[in-house]
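Visitor:
In my numbering, the protein residues as written are 435 to 544.
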């Protein structure tokens, strides 16, 4: 199930997910973030983590595009109490994810 605001890009994504996975979608009314509180809070937390790794790590601004993707991956690979201490990645795919390749954000070499 997908719950999102009424933005066109989410409608396209919902159609794709429905066609591929058979999911259902629910949309809040346009211009009412109050109806989408969980997603709004999640986005705020994501951006706080992005700012933290960029500024506390003294990373250059060009890494801005990489930081949200990295934070999203870490969230998806982390156990969630709401999912019975299983990661969202594992819940969705049924597979365990490999963490041995992880390095600190902005490290010079892999």
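Backbone N, C-alpha and C fix where the C-beta goes; we use that ideal spot for every residue, glycine too.
#1: Please name the residue in 487, 453, 536 whose C-alpha comes closest to that of residue 511.
#2: Enumerate, from N- to C-terminal direction, the unbroken alpha helix (DSSP H) stretches of 4 or more residues contained entirely within the region 448 to 506.
#3: Return the bridge partner residues of residue 436 from the DSSP annotation.
#4: Residue 514 bridges to which residues according to DSSP?
#5: Within the same chain, show all residues whose beta-carbon is closer than 8 Å to that of residue 437, passing over the 5 residues directly before and after it, in chain order.
Guide: Looking at the coordinates:
#1: 536
#2: 471 to 485
#3: 459
#4: 520
#5: 459, 460, 461, 462, 470, 472, 473
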